[in-house]
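**Q** Residue numbers (our numbering), protein chains in the order written: chain H, 204 to 619; chain X, 368 to 425.
By construction, the Cβ of each residue, glycine as well, lies at the ideal position given by its N, Cα and C atoms.
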């Protein structure tokens, strides 16, 4: 159908011609449109308290204490169950967040502007590994780290970014792909490149050497620091492709630990939801599948723009880390995702695959036709709140989301 | 049986198996060289979805 091909060409062109730039770090209250006190944004499609998984509930009680909306975790849980807080998906507020994906008014947000189209997207700062809120952590150590990010680190990072006039992200991704990152489960190179780009400006703008030293060490000690930047970048790029009549290109894939949700350009902001699947992967010593929480987080936004599982061929080390097979198998994931996408990126290429461009623009028609579900690289959270990451693996987007989306899309197109 | 068929079966068999992996596995177990092609019916064989896909130009 020619109208669909034209609409998809436009959607993919908007993704590929996006120019995402990290421009600032600002309190969510000041930059996220419509965000208010008492509102808690979470990863994935809409969900109510009763259906939330353990880590999500743990993060919500923690963030309520952090914001001063509850005296302690028990009080927060009672208030959440009583309906005292408003829960909304990050995606409804131009935001994304990894794993539980907590976004509230006083958190410092990475601000990425898509300079081609003028839209902005936001993501909180990556907290590091171990016991962190994105995996449901909510004790004093977790909350103290969030306060430090809010009071010291966020302002220091934002000052450096502004001093530099922003950080252009497309080049960093291009270089990261040549250095073995796929920007979901491996961000070692891009985190290092970001530190290299911002450290001089952080020193230049620092007012307190102790804060500077701790801030530099924080970035240097977190291989996944760049993930949240990549996610805000991805959101800014796919938002530019939203709402194109006749387009069957996916604009969001996201999970809340209970449901997996997909949104498609040509069907507006409707979610197509199915039960989320369990990741298959490798577990850290002492943990097993019995400990794992179902798949969770807005981080599949990176697959939506051709990175993560779609760029596995760039990152043989990740194929081993997530239990996806040998180094030579890594390229097969990328080739398979080429079967369900509309284009190859001309700028983000994989040297080990003869500079193949990463597969970009998931077409729901191709997903349903081939039966190939999008492959997502993911961290695995413990099913109990507060323990943290217990492994890493690969998860498939549920095919049911795409069959639902196809039916709704056909209806919109007047096809039955 | 035609000469062509006789010639085909006289030498080592060359097999390309499309779809069901069980056939490939059985032949491989008997040391027959097989090239496996991953294939499944459009839309997993669901006729309604296949019809929609056809109308949507997939």
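Please report whether the beta-carbon of residue 257 (chain H) lies at a distance below 8 Å from any beta-carbon of chain X.
**A** Along the first chain, read from residue 1 onward, the residue named residue 257 (chain H) stands at position 54. No - not a single Cβ of chain X is within 8 Å of the one on residue 257 (chain H).
**Q** Since residue 466 (chain H) is in the beta strand (DSSP E), which residue starts that stretch and which ends it?
**A** Numbered from 1 along the first chain, position 263 holds the residue referred to as residue 466 (chain H). Where residue 466 (chain H) is concerned, the enclosing beta strand (DSSP E) stretches over 462-467.
**Q** With DSSP run on the structure shown, which of helix, strand or coil describes residue 390 (chain X)?
**A** Residue numbering aside, residue 390 (chain X) sits at position 23 when the second chain is read from its first letter. Residue 390 (chain X) falls in the helix class under three-state DSSP.
**Q** Compute the distance between the beta-carbons of residue 419 (chain H) and residue 416 (chain X), then report whether it is under 8 Å.
**A** Locating residue 419 (chain H) in the first chain gives position 216, counting from the first residue. Locating residue 416 (chain X) in the second chain gives position 49, counting from the first residue. No, they are not a contact pair.
**Q** Does the beta carbon of residue 422 (chain X) come closer than 8 Å to any beta carbon on chain H?
**A** Here residue 422 (chain X) is taken as the residue at index 55 of the second chain, counted from 1. Closer than 8 Å: yes.
**Q** Using a C-beta to C-beta distance shorter than 7 Å, which residues of chain X count as neighbours of residue 574 (chain H)?
**A** As a working mapping, residue 574 (chain H) is identified with position 371 in the first chain. Those within 7 Å of residue 574 (chain H) in chain X are 407, 411.
**Q** Kindly indicate which residue of H:517, H:594, H:334 has the alpha-carbon position closest to the one of residue 265 (chain H).
**A** As a working mapping, residue 265 (chain H) is identified with position 62 in the first chain. Answer by Cα proximity: H:334.
**Q** Run down chain H in chain order and give the residues with a C-beta less than 8 Å from the C-beta of residue 387 (chain X).
**A** Your numbering for residue 387 (chain X) matches position 20 in the second chain. By Cβ distance, chain H contributes nothing, its closest Cβ being about 14 Å from residue 387 (chain X), past 8 Å.
**Q** What does the alpha-carbon distance come out to for the pair residue 414 (chain H) and residue 422 (chain H)?
**A** As a position in the first chain, residue 414 (chain H) is number 211, starting the count at 1. As a position in the first chain, residue 422 (chain H) is number 219, starting the count at 1. Those two C-alpha atoms are separated by around 12 Å.
**Q** Assuming the contact rule is C-beta atoms closer than 8 Å, residue 436 (chain H) and residue 223 (chain H) should be a hit. Round their C-beta distance to whole Å, please.
**A** To locate residue 436 (chain H), count along the first chain from 1; it is residue 233. To locate residue 223 (chain H), count along the first chain from 1; it is residue 20. Their Cβ separation, rounded to whole angstroms, is 4 Å, which keeps residue 436 (chain H) and residue 223 (chain H) in contact under 8 Å.
**Q** Under 8 Å Cβ to Cβ from residue 495 (chain H), same chain only, skipping five residues before and after it: list those, please.
**A** Position 292 of the first chain, counting from 1, holds the residue named residue 495 (chain H). Excluding sequence neighbours, residue 495 (chain H) sits near 481, 482, 486, 583, 584, 585, 586, 593, 594.
**Q** CA-CA distance, residue 211 (chain H) and residue 423 (chain X)?
**A** The sequence position of residue 211 (chain H) within the first chain is 8, counting from 1. The sequence position of residue 423 (chain X) within the second chain is 56, counting from 1. Going by the C-alpha atoms only, they are around 12 Å apart.
**Q** Using Cβ-Cβ distances below 8 Å, what residues of the segment 206-218 of chain H are close to chain A?
**A** In the structure shown, chain A cannot be found, because the protein chains are H and X.
**Q** Can you tell me where the alpha helix (DSSP H) with residue 430 (chain H) in it begins and where it stops?
**A** Taking the first residue of the first chain as 1, we reach residue 430 (chain H) at position 227. Start and end: 430-442.
**Q** Could you check where the alpha helix (DSSP H) with residue 269 (chain H) kicks off and where it finishes?
**A** Here residue 269 (chain H) refers to the residue found at position 66 when the first chain is read from its first residue. 257-269 is the span of the alpha helix (DSSP H), which, as asked, contains residue 269 (chain H).
**Q** Consider the Cβ of residue 568 (chain H): report whether some Cβ of chain X lies at a distance smaller than 8 Å.
**A** Against the first chain, residue 568 (chain H) aligns to sequence position 365. Yes - at least one Cβ of chain X is within 8 Å of the one on residue 568 (chain H).
**Q** Which residues bound the beta strand (DSSP E) around residue 385 (chain X)?
**A** Position 18 of the second chain holds residue 385 (chain X). 382-385 is the span of the beta strand (DSSP E), which, as asked, contains residue 385 (chain X).
**Q** Under 7 Å Cβ to Cβ from residue 505 (chain H), same chain only, skipping five residues before and after it: list those, please.
**A** Your numbering for residue 505 (chain H) matches position 302 in the first chain. 386, 387, 433, 434, 437, 511.
**Q** Please look up how many angstroms separate the CB atoms of residue 235 (chain H) and residue 326 (chain H), rounded, as I've assumed it's under 8 Å.
**A** Position 32 of the first chain holds residue 235 (chain H). Position 123 of the first chain holds residue 326 (chain H). With 8 Å as the limit, residue 235 (chain H) and residue 326 (chain H) do not qualify as a contact, their Cβ atoms being about 10 Å apart.
**Q** Check the Cβ of residue 571 (chain H) against every Cβ in chain X and list those closer than 7 Å, keeping chain order.
**A** Counted from its first residue, the first chain places residue 571 (chain H) at position 368. Near residue 571 (chain H) (Cβ distances below 7 Å), the residues of chain X are 410, 416, 420.
**Q** Does the Cβ of residue 316 (chain H) have 16 or more other Cβ atoms within 10 Å, making it buried, or fewer, making it exposed?
**A** For this step, residue 316 (chain H) is matched to residue 113 along the first chain. Residue 316 (chain H) should be labelled buried.
**Q** How many angstroms separate the CA atom of residue 629 (chain H) from the CA atom of residue 229 (chain H)?
**A** Residue 629 (chain H) is absent from the model: chain H starts at 204 and stops at 619.
**Q** Going by DSSP, what residues sit across from residue 566 (chain H) in a beta bridge?
**A** Indexing the first chain from 1 puts residue 566 (chain H) at position 363. Answer by DSSP bridge pairing, in chain order: H:452.
**Q** Spell out a yes or no on whether the segment 350-358 of chain H and the segment 272-291 of chain H are touching, meaning 3 or more CB-CB pairs, one atom from each, closer than 8 Å.
**A** Counting Cβ pairs under 8 Å, fewer than three are found: no touch.
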